[in-house]
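*Asks:* This is the structure I have questions about; it appears just below.
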Amino acid sequence: MSDVTKKRNRWFALGALAVALVAFGVITAGGIGENLVYYWSPSELQKAGDKAYGATIRLGGMVSTGSIQKVSNTSLEFDVHDAAGKVHVKAQGVPPQMFREGIGVVVEGTMTRAGHFEGKRLMVSHDNKYQAPKDGQHPDVKQLMETTKNME
Amino acid sequence: MTAALGRILILSSLFAASLGAVIAFASAMRRNAQSYSWAKRLAYFYAATIVGANLLMVYALVTNDFSVSYVAQVGSTTVPLWIKVVSLWSSLEGSILFWGGVMGAFVGAALYFTGDRHPDAAPWATGVWLACAAFFSFLIAAPSQPFQTVLQPLTEGPGPNPLLQNHILMAVHPPTLYLGWVGMTIPFGLASAALLTGRFGLDLLRTMRTWLIISWTFLTIAIVLGGWWAYEVLGWGGYWAWDPVENASLLPWLTATAAIHSAIVVERKNSLKSWTATLVLATFVLTILGTFMTRSGVFNSVHSFTQSSIGPTLLVFLAASLLWSVFLIATRIDKIGDERPLGAGASREGMFLVNNLLLVLFTLTVLIGTVFPLIVEATSGKQMSVGRPYFDKMAVPIGIALLLLIGVGPALPWGKATKLQIRKSFATPLITGAVIGVVGFALGLRNPWAVATMFVAGLAAHVTMREMWLPSVQRWRSGNHNVADVVGGQLVRSHRRFGAYLVHAAMIVIIAAVAVSSTMQVSQQIELAKGQSATVGGYQLTFAGHEMINEPHRQAIASRVAISRDGKDLGSLTPRMNYYEMSREPIGSPDVLSGPKQDLYLSVLNADTENQTVALQVYINPMIGWIWICTGLMALGSIIVIIPTRSRRETVTGDEARVLSPSESLKATLALGQEK
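Structural data, given as structure tokens:
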């Protein structure tokens, strides 16, 4: 092989590598951007506005007292609140064993334009470190989220 | 008393490892064999003290010695013996101690079996091993401290984390994972030594590969056991969720797999030496990243990271090992160069190269998706995660491409393949692939990716089987028609080939099982009153009632469900809710009826003992059992690969016609890798 073709080959290889890297970067960035899961409290959700519609959200907060309505065996509605906000949730599926009023929950789902949160999964914290707040206090939402971060 | 003895052992191990590392490096630089023998003695002393400290902790746990701080934290008199022993790695401090113990065992074994085989490389490698060892002893001695004295010990402790008590697999998964992770220190030391001395000969390469395969095997088993544990314990019906903790174990596995393959190119073609060394260094850095991710609490939150006593120290070590690796690669890579250019693309070596590129791409994809939320939280304080669809979307095409390479690579010759050769070697495998694809479609597979996986799996399986038995077929064709002789001869003479293709065959089935189980899962929630039945996917489920179970360390509500199919009684399943004293919430424990075709998987959503009703999550998971079975085959294949070959054993003894003792032949294996 002559030096000229060798050089040309090297440039060609570098060019191909650069194109491949850029393509990989674009695909990865797009993939991450489309599949982000946001960890929000009710007030953060309300502040997010249009961004919340269709996005995957883990909503963490307290189940409001007197808000639980059992629609059928496998669907229920309730409100989730924190210090500054309240969101109405419609959830599918049988609630977990410990689900009740006044406990911290994390609901995964999305916000609908109809004004309620469509919950696909309902999680009650399994973590022992998380202490349920005393009556009248609000939970630390961040801490609550952390307890369910690694749950699938 | 025990606690004080433990502290003395830990401090001695720290002293021996640090001093030994310094002496080893000094002797390597001055080529002083006598001072190296001191480094070796210190290394053995290190191994003895740190392993001793582990045994002491197990003794304290088993005898309920609550004056030791770690026992006070996780011990309990009521739990069964196996849980007491397992408590060693059930919590942070103990797991770091155990980590040190595994490190001691590996350093001792590596020195004993291979230290004397490589006189130039060994001092450098020993220095690197002991430097890593010193770091982990420091972690145990200073920030984590399992051996503090409790001045007024109680007579009872809380017991380990309930989730870990819930299943026997927790006794097996963490130690295998640690064996896999810590084991990567040995090839890391050898690769560093190769770069530092500038000599990366075949003997050193084979030693390094053998240790790499040993650690890789443990890591493979550990990853699958982790999935199996999740499947049997967590109750969401799956085994893999692209959780950061899972990704942490997958990342070094991917680069180690790449290194094992590129080492073959080094052996055959004397090319890709520096690339192989780079992959080994990267594997080690990724194991430290994995330790950091799983042990520092950083994935619970960046905020809990600084509260974790070992997080910042681990981060420093991660940075140091990364800098060390980059420094070695940047300054020493041309010293071991001697690269011969690789030939044509359509050849065995060309496919090895593509395999390596795909595995690195896979590593980057998983790494970026795992670390991205950490960076966002650290910079903006916003909490988020990257959802499973990202990983699935990226991993599926890469996985299918890798599966295709299992079929394409071995079917191509080294050097350059002619068109005729290509046509000849792929004609029948393509037909097998098409048949398997059609069969999959006929059995109900509709997801295009899953059908493609079946096609590629069929092709790869055909090539793998053909290559696996090639020596036997050749011998048969050349006139030897004694089956036992032909097959036995192959297993003795070319067992490395056989083992490697056995690993490939098992991998093909695992990938096919993953594709089928993830696309064909049936999931349904049902609510039953006592005596009531429901039918899910052909199974008739009848709720027979709740049973209360009292065990010393927990209480449980077991919901008995009788199972039948087509009128045939299949016994009953008892998914449970376990109540542990230290845990506010009950922990569900699913029950599985496993079969070759599919698993029936039940977990309790809600057990109402007053009204005698139960809400169940029912999953039907096809083919999942094959994943666990084939992992066993993979481990078997790796063991076959690292058995010493007879001709090698003879070269070890030279002309002396004597039988090697088992330890000598093991030494020979580990030192020389395998003959091909």
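As given, the protein sequences belong to chains P and Z, one line each in that order. 497 is the number of the first residue of the first sequence in our numbering; add one for each residue after it. 92 is the number of the first residue of the second sequence in our numbering; add one for each residue after it. Beta carbons are placed, not taken as given, at the ideal position from N, Cα and C, and that holds for glycine.
May I have a chain-ordered list of the beta strand (DSSP E) segments no shorter than 3 residues that lie completely inside the stretch 607-633 of chain Z?
*Replies:* List check, beta strand (DSSP E) in window: 613-620 and 624-627.
*Asks:* Can you list, in chain order, the residues of the stretch 477-494 of chain Z whose Cβ is nearer than 8 angstroms to any Cβ on chain P?
*Replies:* Hits within the stretch, in order: Val477, Gly478, Arg479, Pro480, Tyr481, Lys484 and Met485.
*Asks:* By Cβ distance, which residues of its chain are closer than 7 angstroms to Thr742 of chain Z, with the 5 residues on each side in sequence left out?
*Replies:* Looking up residue 742 of chain Z in the second sequence gives position 651. Any answer about Thr742 of chain Z is weak, because its pLDDT of 42 lies below 50 and its placement is not dependable; what the coordinates show is given next. For Thr742 of chain Z, where only same-chain residues beyond five positions count, there are no Cβ hits under 7 angstroms.
*Asks:* Could you give the first and the last residue of the continuous alpha helix (DSSP H) run that contains Ala352 of chain Z?
*Replies:* Taking the second sequence and counting its residues from 1, one reaches residue 352 of chain Z at position 261. The question names Ala, but residue 352 of chain Z is His in the sequence shown. Where His352 of chain Z is concerned, the enclosing alpha helix (DSSP H) stretches over Pro335 to Lys360.
*Asks:* Do three or more CB pairs link the stretch 550-562 of chain P to the stretch 688-700 of chain Z at distances below 8 angstroms?
*Replies:* Taking 8 angstroms as the limit for Cβ pairs, the verdict is that the stretch 688-700 of chain Z does not touch the stretch 550-562 of chain P.
*Asks:* Report yes or no: do three or more beta-carbon pairs, one from the stretch 406-413 of chain Z and one from the stretch 304-317 of chain Z, lie closer than 8 angstroms?
*Replies:* No, the stretch 406-413 of chain Z is not in contact with the stretch 304-317 of chain Z.
*Asks:* Closest by CA to Leu532 of chain P, which one among P:Ala544, P:Lys616 and P:Ile553?
*Replies:* Within the first sequence, numbered from 1, the residue matching residue 532 of chain P stands at position 36. Comparing Cα positions, the closest option is P:Ile553.
*Asks:* Looking at Pro343 of chain Z and Met275 of chain Z, is the spacing between their C-beta atoms short of 8 angstroms?
*Replies:* In the second sequence, residue 275 of chain Z corresponds to position 184, counting from 1. In the second sequence, residue 343 of chain Z corresponds to position 252, counting from 1. In this structure, Pro343 of chain Z lies closer than 8 angstroms to Met275 of chain Z by Cβ.
*Asks:* Enumerated in chain order, which unbroken segments of the beta strand (DSSP E) with a length of 3 residues or greater are wholly contained in the stretch 584-612 of chain P?
*Replies:* Entirely contained in the stretch 584-612 of chain P, the beta strand (DSSP E) runs reaching 3 residues are, in chain order, 600-607.
*Asks:* Which residues in chain Z have a C-beta closer than 8 angstroms to the C-beta of Val590 of chain P? List them in chain order.
*Replies:* By one-based count along the first sequence, residue 590 of chain P stands at place 94. Chain Z residues near Val590 of chain P: Gln616, Glu618, Leu696, Asn697, Ala706 and Gln708.
*Asks:* What separation, rounded to the nearest whole angstrom, lies between the Cα atoms of Leu572 of chain P and Gln565 of chain P?
*Replies:* Start at 1 with the first residue of the first sequence, and residue 572 of chain P comes out as number 76. Start at 1 with the first residue of the first sequence, and residue 565 of chain P comes out as number 69. Computed Cα separation, rounded: 6 angstroms.
*Asks:* Report the partner residues of Ala647 of chain Z according to the DSSP bridge assignment.
*Replies:* On the second sequence, residue 647 of chain Z is found 556 positions in, with the first residue counted as 1. Answer by DSSP bridge pairing, in chain order: Z:Ile640 and Z:Asn669.
*Asks:* Would you kindly report the start and end of the unbroken alpha helix (DSSP H) that includes Asn573 of chain Z?
*Replies:* What you label residue 573 of chain Z is simply residue 482 of the second sequence in a count that begins at 1. Unbroken run through Asn573 of chain Z: none, as it is neither H nor E.
*Asks:* Tell me, please, whether the stretch 630-647 of chain Z touches the stretch 588-598 of chain Z by the rule of three or more beta-carbon pairs shorter than 8 angstroms.
*Replies:* Too few Cβ pairs lie closer than 8 angstroms, so no.
*Asks:* Going by DSSP in three states, Thr744 of chain Z sits in which element: helix, strand or coil?
*Replies:* As a first step, residue 744 of chain Z must be located in the second sequence, where it is residue number 653. Model confidence at Thr744 of chain Z stands at a pLDDT of 39, short of 50, so the residue's coordinates are unreliable; what they give is reported in the following sentence. Helix.
*Asks:* Along the chain, where does the alpha helix (DSSP H) that runs through Glu540 of chain P open and close?
*Replies:* Here residue 540 of chain P refers to the residue found at position 44 when the first sequence is read from its first residue. From DSSP, the alpha helix (DSSP H) with Glu540 of chain P extends over Pro538 to Ala544.
*Asks:* Quick one, which residues of the stretch 441-461 of chain Z are near chain P if we go by CB-CB under 8 angstroms, in chain order?
*Replies:* Those residues of the stretch 441-461 of chain Z that come within reach of chain P (Cβ to Cβ, closer than 8 angstroms) are Leu452, Leu455, Thr456, Ile459 and Gly460.
*Asks:* Answer yes or no: do Ala112 of chain Z and Ala222 of chain Z have a C-beta to C-beta separation smaller than 8 angstroms?
*Replies:* Mapped onto the second sequence, residue 112 of chain Z falls at position 21. Mapped onto the second sequence, residue 222 of chain Z falls at position 131. Against a cut-off of 8 angstroms, the Cβ pair of Ala222 of chain Z and Ala112 of chain Z comes out as a contact.
*Asks:* Mind the definition here: the stretch 146-153 of chain Z touches the stretch 177-187 of chain Z only if three or more C-beta pairs lie below 8 angstroms; say whether that holds.
*Replies:* Judged by Cβ distances under 8 angstroms, the stretch 146-153 of chain Z makes contact with the stretch 177-187 of chain Z, as three or more pairs qualify.
*Asks:* Using the three-state DSSP reduction, which class does His595 of chain Z fall into: helix, strand or coil?
*Replies:* What you label residue 595 of chain Z is simply residue 504 of the second sequence in a count that begins at 1. Helix at His595 of chain Z.
*Asks:* How many angstroms separate the CA atom of Ala212 of chain Z from the CA atom of Ala138 of chain Z?
*Replies:* Stepping through the second sequence from its first residue, residue 212 of chain Z is reached at position 121. Stepping through the second sequence from its first residue, residue 138 of chain Z is reached at position 47. Distance between the alpha carbons of Ala212 of chain Z and Ala138 of chain Z is about 20 angstroms.
*Asks:* Quick one: is Leu555 of chain P near chain Z, going by C-beta distance under 8 angstroms?
*Replies:* Against the first sequence, residue 555 of chain P aligns to sequence position 59. Chain Z, which has no Cβ nearer than 8 angstroms to the Cβ of Leu555 of chain P, makes this no.
*Asks:* What residue range is occupied by the uninterrupted beta strand (DSSP E) comprising His258 of chain Z?
*Replies:* Stepping through the second sequence from its first residue, residue 258 of chain Z is reached at position 167. Here His258 of chain Z belongs to no beta strand (DSSP E), and DSSP marks it neither H nor E.
*Asks:* Are Ile599 of chain Z and Ala551 of chain Z closer than 8 angstroms when you measure CB to CB?
*Replies:* Position 508 of the second sequence, counting from 1, holds the residue named residue 599 of chain Z. Position 460 of the second sequence, counting from 1, holds the residue named residue 551 of chain Z. In this structure, Ala551 of chain Z lies closer than 8 angstroms to Ile599 of chain Z by Cβ.
*Asks:* Using DSSP with H/G/I as helix, E/B as strand and the rest coil, what is Phe574 of chain P?
*Replies:* Numbered from 1 along the first sequence, position 78 holds the residue referred to as residue 574 of chain P. Phe574 of chain P falls in the strand class under three-state DSSP.
*Asks:* Is the CB of Thr524 of chain P under 8 angstroms away from at least one CB in chain Z?
*Replies:* The residue you call residue 524 of chain P lines up with position 28 of the first sequence. Yes, Thr524 of chain P lies at the interface with chain Z (some Cβ there is under 8 angstroms from its Cβ).
*Asks:* On the DSSP bridge assignment, give the partners of Val618 of chain P in chain order.
*Replies:* As a working note, residue 618 of chain P is residue 122 in the first sequence. According to the sequence shown, residue 618 of chain P is Leu rather than Val. DSSP, once it has assigned bridges, lists P:Val603 as partnering Leu618 of chain P.
*Asks:* Would you check if the distance between the CB atom of Ser128 of chain Z and the CB atom of Val219 of chain Z is smaller than 8 angstroms?
*Replies:* Your numbering for residue 128 of chain Z matches position 37 in the second sequence. Your numbering for residue 219 of chain Z matches position 128 in the second sequence. No, these two residues do not count as a Cβ contact at 8 angstroms.
*Asks:* With C-beta atoms as the reference, is Pro214 of chain Z less than 8 angstroms away from Ser365 of chain Z?
*Replies:* Taking the second sequence and counting its residues from 1, the one referred to as residue 214 of chain Z is at position 123. Taking the second sequence and counting its residues from 1, the one referred to as residue 365 of chain Z is at position 274. Contact flag unset, no.
*Asks:* Using only the alpha-carbon positions, how far apart do Gly280 of chain Z and Val193 of chain Z sit?
*Replies:* Here residue 280 of chain Z is taken as the residue at index 189 of the second sequence, counted from 1. Here residue 193 of chain Z is taken as the residue at index 102 of the second sequence, counted from 1. Their backbone Cα atoms lie some 16 angstroms apart in a straight line.
*Asks:* From Z:Phe453, Z:Ile513 and Z:Met714, pick the residue whose C-alpha is nearest to that of Ser685 of chain Z; which is it?
*Replies:* Translated into the one-based positions of the second sequence, residue 685 of chain Z becomes position 594. Among Z:Phe453, Z:Ile513 and Z:Met714, the Cα nearest to that of Ser685 of chain Z is on Z:Met714.
*Asks:* Look at the alpha carbon of Ala339 of chain Z and the alpha carbon of Ile427 of chain Z, and state the distance between them as a whole number of angstroms.
*Replies:* The residue given as residue 339 of chain Z occupies position 248 in the second sequence. The residue given as residue 427 of chain Z occupies position 336 in the second sequence. Roughly 31 angstroms separates the two Cα atoms.
*Asks:* Would the beta-carbon of Ala144 of chain Z fall within 8 angstroms of that of Leu100 of chain Z?
*Replies:* The residue given as residue 144 of chain Z occupies position 53 in the second sequence. The residue given as residue 100 of chain Z occupies position 9 in the second sequence. Cβ atoms of Ala144 of chain Z and Leu100 of chain Z: closer than 8 angstroms.
*Asks:* Give the straight-line distance between the Cα atoms of Met384 of chain Z and Thr509 of chain Z, rounded to the nearest whole angstrom.
*Replies:* As a working mapping, residue 384 of chain Z is identified with position 293 in the second sequence. As a working mapping, residue 509 of chain Z is identified with position 418 in the second sequence. C-alpha separation (whole angstroms): 48 angstroms.
*Asks:* What does Phe463 of chain Z reach in chain P if we use C-beta pairs closer than 7 angstroms?
*Replies:* Position 372 of the second sequence holds residue 463 of chain Z. Those within 7 angstroms of Phe463 of chain Z in chain P are Ile528.
*Asks:* Whose Cβ in chain P lies nearer than 8 angstroms to the Cβ of Pro677 of chain Z?
*Replies:* By one-based count along the second sequence, residue 677 of chain Z stands at place 586. Those within 8 angstroms of Pro677 of chain Z in chain P are Gln593 and Met594.
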